[in-house]
Each structure stands twice: as C-alpha cells, then as structure tokens.
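Residue numbers (the numbering used here), protein chains in the order written: chain A, 1 to 233; chain B, 1 to 233.
For every residue, glycine included, the Cβ atom is placed at its ideal position computed from N, Cα and C.
Report on one structure; see the data block that follows.
2 protein chains.
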Amino acid sequence: MPAMTTRPQQGRRRAHALSKAQIVRAAIEILDRDGEHALTFRALSARLATGSGAIFWHVADKEDLLAAATEEIIARLVAEPGNDMEPKRAIRAVALAVFDAIDAHSWLGGQLFRNPAQPAALRISEMIGRSVQALGVPERALFNCWSALINYMLGVAAQNAANARQAHAEADRSAFLANVANRWAHLDPTEFAFVRQVADELRDHDDREQFLAGIDLILAGIGTLTRRADPSP
Amino acid sequence: MPAMTTRPQQGRRRAHALSKAQIVRAAIEILDRDGEHALTFRALSARLATGSGAIFWHVADKEDLLAAATEEIIARLVAEPGNDMEPKRAIRAVALAVFDAIDAHSWLGGQLFRNPAQPAALRISEMIGRSVQALGVPERALFNCWSALINYMLGVAAQNAANARQAHAEADRSAFLANVANRWAHLDPTEFAFVRQVADELRDHDDREQFLAGIDLILAGIGTLTRRADPSP
DNA sequence: TAAAGCAATGGAACGTTGTTCCATTCAAAT
DNA sequence: ATTTGAATGGAACAACGTTCCATTGCTTTA
Numbered sequence: 001m002p003a004m005t006t007r008p009q010q011g012r013r014r015a016h017a018l019s020k021a022q023i024v025r026a027a028i029e030i031l032d033r034d035g036e037h038a039l040t041f042r043a044l045s046a047r048l049a050t051g052s053g054a055i056f057w058h059v060a061d062k063e064d065l066l067a068a069a070t071e072e073i074i075a076r077l078v079a080e081p082g083n084d085m086e087p088k089r090a091i092r093a094v095a096l097a098v099f100d101a102i103d104a105h106s107w108l109g110g111q112l113f114r115n116p117a118q119p120a121a122l123r124i125s126e127m128i129g130r131s132v133q134a135l136g137v138p139e140r141a142l143f144n145c146w147s148a149l150i151n152y153m154l155g156v157a158a159q160n161a162a163n164a165r166q167a168h169a170e171a172d173r174s175a176f177l178a179n180v181a182n183r184w185a186h187l188d189p190t191e192f193a194f195v196r197q198v199a200d201e202l203r204d205h206d207d208r209e210q211f212l213a214g215i216d217l218i219l220a221g222i223g224t225l226t227r228r229a230d231p232s233p
Numbered sequence: 001m002p003a004m005t006t007r008p009q010q011g012r013r014r015a016h017a018l019s020k021a022q023i024v025r026a027a028i029e030i031l032d033r034d035g036e037h038a039l040t041f042r043a044l045s046a047r048l049a050t051g052s053g054a055i056f057w058h059v060a061d062k063e064d065l066l067a068a069a070t071e072e073i074i075a076r077l078v079a080e081p082g083n084d085m086e087p088k089r090a091i092r093a094v095a096l097a098v099f100d101a102i103d104a105h106s107w108l109g110g111q112l113f114r115n116p117a118q119p120a121a122l123r124i125s126e127m128i129g130r131s132v133q134a135l136g137v138p139e140r141a142l143f144n145c146w147s148a149l150i151n152y153m154l155g156v157a158a159q160n161a162a163n164a165r166q167a168h169a170e171a172d173r174s175a176f177l178a179n180v181a182n183r184w185a186h187l188d189p190t191e192f193a194f195v196r197q198v199a200d201e202l203r204d205h206d207d208r209e210q211f212l213a214g215i216d217l218i219l220a221g222i223g224t225l226t227r228r229a230d231p232s233p
C-alpha cells in the first residue's frame with residue numbers, strides 16, 4: 001500500500017444545516033460588532049464553525065455576501081408603515097429611516113451606495129419617487145427631483161459612514177469632531193476664512209438635524225417648481 | 001568561510017532619482033488607465049523599475065498614496081479662475097469643475113469622499129462656503145446650506161464613480177445604462193410603478209445636466225430662505 | 001584624500017486576504 | 001444495498017499591502 005496522499009478524516013458537522021440566511025445573519029453580526037474590515041471568510045468560518053468552502057457553496061463571493069447583508073437590513077426597514085402620508089412627511093420619514101439604519105450599521109452606507117440599484121434599495125427609490133410625484137412636480141422635472149433626493153440621501157449617508165469609520169479609530173465621535181474642528185480653526189485666516197468660521201458649529205452639530213435640513217432644502221427647491229399659482233412670476 | 005547567507009549583489013539604479021511626486025504621477029497614470037483595482041505596489045514598482053521598498057521610503061502606505069493622488073488632481077483644479085463671480089454662477093462653476101474632474105478620473109470620486117477633509121478638498125469647501133455666504137443666507141442656516149451642497153456634490157460624484165466602475169466591466173456606458181433601464185422596465189408593474197416610469201429617461205439622460213439640476217434645486221431651496229422681502233409670508 | 005555616516009534603493013520575505021480545489025460525508029433516490 | 005449528488009471542512013493558491021535588510025553611493029567629516 002504505497003503512500004496515497006489521503007486527507008485525514010474530517011470532523012463532520014450537520015447538527016444545524018447551513019443556509020445563506022444563517023451566513024448573512026452571522027456576517028451582519030460581525031459587521032456590526034467589529035466593523036467592516038473584520039468581516040473575513042476566516043472569521044465567518046470560525047463563527048459558524050465550518051470551513052470557507054462550505055460558505056462559498058452558499059455565497060458567490062464577498063460582494064454577494066455584502067449585498068445580501070445590505071438587502072437584509074433594507075428589507076427590514078422597508079417592511080414598515082408609511083402608506084398614506086402627506087408627500088413631504090413621507091419623504092422625510094423614508095429619508096430618516098435610511099439615515100438611522102446607516103447610523104446603526106456603519107458599514108451599510110458604503111455598501112448601499114456602492115450599489116444603489118439593489119432590489120431592496122430600489123424599493124426605497126420607488127417610495128421617494130411616488131412621493132415626489134404626489135407633490136405635483138411637472139413631468140419634465142420629475143426625474144431630476146427624484147434623483148437629487150436619492151443622491152443627497154446616499155451622499156450624506158455614506159459620508160456619515162466614512163466619518164464613523166474614522167471616529168472609530170479615535171476615542172469616540174465627539175473627540176473626533178473636536179479634533180477636526182480644532183484643525184480647521186487653526187487654518188490660514190485669509191485663505192480659509194469660511195471654514196474657520198463654521199468649525200465651531202461642526203463641533204457640536206447634530207448629524208440627523210443637518211441631514212434633515214438638507215432634505216428640506218431640496219424639498220423647498222422642489223416647491224419652487226410646483227407653486228406656480230400663488231405668487232406672480 | 002562558512003555559508004553566510006549573503007544577498008546576491010543587487011543591480012543599482014540612480015539614473016533619475018525617485019521622488020514622491022514622480023511616484024504619485026505614475027500612480028495617477030495607472031489609476032486612469034487601468035482602474036482603481038490595478039494600482040498595486042507591484043504594478044507601481046514595475047512601472048517605475050524599482051522595488052516596493054523604495055516606494056515605501058517616499059510614501060507611508062497606500063492610503064497616503066491615494067490621498068496624494070487626489071490632492072494632486074484637486075490642486076490642479078483649484079489653481080484656476082473663479083474669483084469675482086456672481087455667487088450662483090460661482091457655485092455652479094466649482095461644482096461642475098469637481099464633477100468633470102471625477103468624470104475624467106473615475107477613482108477620484110470614491111477617494112475624495114472617503115476623506116473630504118483633505119487639504120485641497122477643503123479649498124473647494126471654502127469656495128462653496130463663501131459663495132453661499134455671499135448669497136445672503138442668514139447666519140443660522142449657513143452651515144446647513146453649505147453642507148447640503150457639499151454632501152450633494154460628493155454624493156453624486158461618488159455615485160458616478162461607482163457607475164463608471166460597473167460600466168467599465170460591461171461594454172461601455174450606454175450599454176450599461178440600457179441594461180439597467182431594461183431591468184427596471186421589467187419590474188413588477190404595481191410594486192415598482194414609478195421606477196418603471198423613469199427607466200426610459202435613465203437610458204439617455206445626461207449625467208452632467210442631471211447633476212446641475214440637483215445643484216439648482218438646492219440653490220432654489222436656499223433662495224426661499226433669503227428672499228423674505230418680495231412675497232408675502 | 002580617506003573614512004564614516006546615512007538617505008535611498010531593490011527585492012526577498014511575511015502575514016493576511018479572497019477564492020479554488022478536493023477528498024469526504026450524509027441523506028435521499030433507486 | 002447501492003448509487004448519487006448536494007453539502008461540508010480545510011488545505012492550497014495567488015495576490016495583496018507591508019516589513020525587513022543587505023547593499024549602494026552621495027555627502028560630510030577628519
């Protein structure tokens with residue numbers, strides 16, 4: 001019996017079958033607890049007590065995994081209320097829900113906007129679109145108003161996610177902001193007059209309010225397209 | 001003479017000294033030609049006919065390298081005109097300049113917005129801020145108006161970059177858009193009524209116009225904050 | 001001019017990652 | 001009882017960012 005290279009017998013496990021949903025759930029837990037960079041197939045294998053091969057049987061690649069995780073979170077979010085609301089209120093509600101979701105899962109921002117055409121994300125676009133339509137925006141301007149809102153939402157969202165990632169490296173959020181604010185406050189007074197001026201406000205602003213203010217700004221802009229009746233041209 | 005493990009003599013090269021600027025220039029060329037994923041220290045070493053060690057002598061790490069590349073592009077952009085312009089025109093000009101830069105260097109979007117507080121990027125924020133101020137926005141609203149514009153700019157920018165990355169995988173841009181539009185057009189008619197409706201417009205819209213329309217929308221929104229004189233409340 | 005010091009170089013080596021490969025197992029179908 | 005094939009777990013691979021280090025040649029010093 002010459003030395004056939006035979007693998008040592010492997011410990012089997014089939015106690016609870018492995019499923020994509022289970023994998024995605026574990027991935028989300030790792031992402032939420034330890035951050036985006038901590039999600040590796042090895043960490044995931046360890047947590048699920050299996051090998052990477054088994055995971056790849058259920059998942060195409062890492063992008064697929066992250067997409068599925070995003071899908072999962074957004075699906076929970078979309079499954080909520082918000083049928084018959086006044087359009088503006090509806091838009092604010094959807095926007096805030098997205099904002100809060102990204103705030104709670106800092107990895108979501110980068111992901112959601114790396115691929116905003118994901119099925120579940122499309123449902124958000126749909127809700128925004130209908131509300132904009134309900135505002136009475138003229139046909140021509142519809143597409144642009146809709147996309148401006150979506151782009152702004154995703155922009156701030158991902159932006160916040162990026163900040164959260166950096167703030168995680170330092171002590172905490174407020175320390176991080178104070179740090180940035182200080183750096184800004186010491187810039188060249190003539191070249192950076194404005195940035196220096198808003199440095200203070202940066203230090204203790206509320207991201208959520210700031211976000212909503214931007215939404216309202218765009219809504220106000222949309223308002224100028226629709227209210228052609230009241231004032232004179 | 002026992003076997004000292006001595007390295008085989010290395011070929012030297014000092015024909016043209018290596019500098020950070022030179023490295024950054026080469027990095028930009030790789031990024032522009034072959035995309036973000038193609039910029040590796042090995043590719044960079046090959047192009048500069050050196051070793052990775054030599055590169056790391058001039059550059060802290062990859063993040064530093066990408067930041068420097070971003071800085072380089074933005075610096076060129078900022079070094080231009082735009083002193084005394086009407087505020088709205090100035091804002092549009094800056095925004096379009098940023099948009100075009102990101103359009104020309106598809107990697108720039110993701111980078112610029114992963115770290116929007118980079119020195120050169122701050123100069124853009126400063127220009128926007130001054131213009132917003134010049135519009136006569138009340139003190140309280142200044143910070144929010146400014147950040148809404150910046151966030152929207154970066155949002156669309158990075159969004160476009162993401163699309164460019166995906167479009168690069170497929171044939172070209174228009175084929176990519178047509179593909180997405182087709183997928184949207186075949187969604188469930190009741191659940192995705194709106195998205196289906198705008199699918200056509202997506203197919204042959206102009207990114208640049210769309211971007212500018214969003215800017216104008218925000219500017220219109222800002223206008224409602226400042227024009228308290230003309231119409232009645 | 002000779003020696004010493006040191007910024008700079010180039011490439012081997014390291015640790016980690018995403019992914020592939022494959023011998024193996026178990027439950028269902030035959 | 002046998003065959004089948006979906007599913008498993010872990011070894012192996014390629015590529016990456018980064019570190020390490022023997023070596024070089026310019027510059028400074030004696």
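Separation of residue j from residue i, as counted between CA atoms
| i | j | result |
| --- | --- | --- |
| residue 49/B | residue 154/A | 41 Å |
| residue 87/B | residue 63/B | 35 Å |
| residue 211/B | residue 188/A | 31 Å |
| residue 156/A | residue 110/A | 11 Å |
| residue 172/A | residue 179/B | 43 Å |
| residue 106/A | residue 98/A | 12 Å |
| residue 136/A | residue 226/A | 6 Å |
| residue 104/A | residue 219/A | 26 Å |
| residue 140/A | residue 78/B | 34 Å |
| residue 68/B | residue 127/B | 21 Å |
| residue 213/A | residue 206/A | 11 Å |
| residue 185/A | residue 167/A | 19 Å |
| residue 160/B | residue 17/B | 37 Å |
| residue 204/A | residue 177/A | 8 Å |
| residue 72/A | residue 165/A | 21 Å |
| residue 52/B | residue 45/B | 6 Å |
| residue 232/A | residue 84/A | Below a pLDDT of 50, predicted positions are generally treated as unreliable, and residue 232/A, at 41, falls in that range; the measurement from the model is reported next regardless. Distance between the alpha carbons of residue 232/A and residue 84/A: 32 Å. |
| residue 169/A | residue 131/A | 39 Å |
| residue 118/B | residue 66/B | 11 Å |
| residue 230/A | residue 134/A | With a pLDDT of 45 at residue 230/A, under the threshold of 50, the predicted position of this residue should be treated as unreliable, though the coordinate-derived value follows. If you take the alpha carbons of residue 230/A and residue 134/A, they lie about 19 Å apart. |
| residue 202/A | residue 114/A | 27 Å |
| residue 23/B | residue 54/B | 10 Å |
| residue 162/B | residue 224/A | 31 Å |
| residue 34/A | residue 59/A | 21 Å |
| residue 94/A | residue 19/A | 31 Å |
| residue 124/B | residue 193/B | 39 Å |
| residue 215/A | residue 152/A | 8 Å |
| residue 143/B | residue 209/A | 11 Å |
| residue 112/A | residue 112/B | 18 Å |
| residue 70/A | residue 28/A | 9 Å |
| residue 116/A | residue 146/A | 14 Å |
| residue 100/B | residue 57/A | 42 Å |
| residue 190/B | residue 138/A | 22 Å |
Residue j beta carbon less than 7 Å from that of residue i
| i | j | result |
| --- | --- | --- |
| residue 74/B | residue 120/B | yes |
| residue 217/A | residue 148/B | yes |
| residue 21/B | residue 30/B | no |
| residue 26/A | residue 47/A | yes |
| residue 221/A | residue 221/B | yes |
| residue 108/B | residue 102/B | yes |
Residue i: contacting residues in chain A (beta-carbon distance under 7 Å)
| i | result |
| --- | --- |
| residue 168/B | Those do not exist, as residue 168/B stays about 14 Å from chain A at its closest Cβ, beyond 7 Å. |
Chain B residues whose Cβ lies nearer than 7 Å to that of residue i
| i | result |
| --- | --- |
| residue 111/A | Neighbours of residue 111/A on chain B: none; closest Cβ ~11 Å, over 7 Å. |
| residue 94/A | What residue 94/A touches in chain B: nothing, since even the nearest Cβ is about 13 Å away. |
| residue 125/A | 195 |
Under 8 Å from the C-beta of residue i: neighbouring residues of chain A
| i | result |
| --- | --- |
| residue 174/B | Correct list: empty, because the minimum Cβ distance to chain A is about 16 Å. |
| residue 158/B | 113, 155 and 158 |
| residue 224/B | 220, 221, 223 and 224 |
| residue 133/B | 194 |
Under 9 Å by beta carbon: chain B residues contacting residue i
| i | result |
| --- | --- |
| residue 213/A | 141, 143, 144, 145, 147 and 148 |
| residue 130/A | 193 and 194 |
| residue 151/A | 152, 155, 156, 159, 210, 211 and 214 |
| residue 60/A | What residue 60/A touches in chain B: nothing, since even the nearest Cβ is about 15 Å away. |
8 Å contact criterion, which residue i and residue j should meet: CB distance rounded
| i | j | result |
| --- | --- | --- |
| residue 200/B | residue 175/B | Incorrect: roughly 16 Å between the Cβ atoms, too far for contact. |
| residue 122/B | residue 195/A | 6 Å |
Chain-ordered neighbours of residue i on chain B, where CB pairs are closer than 8 Å
| i | result |
| --- | --- |
| residue 78/A | Result: empty, since nearest Cβ-Cβ is about 11 Å, beyond 8 Å. |
| residue 205/A | 143 |
Proximity test, residue i beta-carbon vs the ligand MN heavy atom, cut-off 6 Å
| i | result |
| --- | --- |
| residue 130/A | No copy of the ligand MN appears in this structure; indeed no ligand is present at all. |
Partners in chain A for residue i, counting only beta-carbon separations shorter than 9 Å
| i | result |
| --- | --- |
| residue 201/B | 142 and 143 |
| residue 122/B | 184, 187, 192 and 195 |
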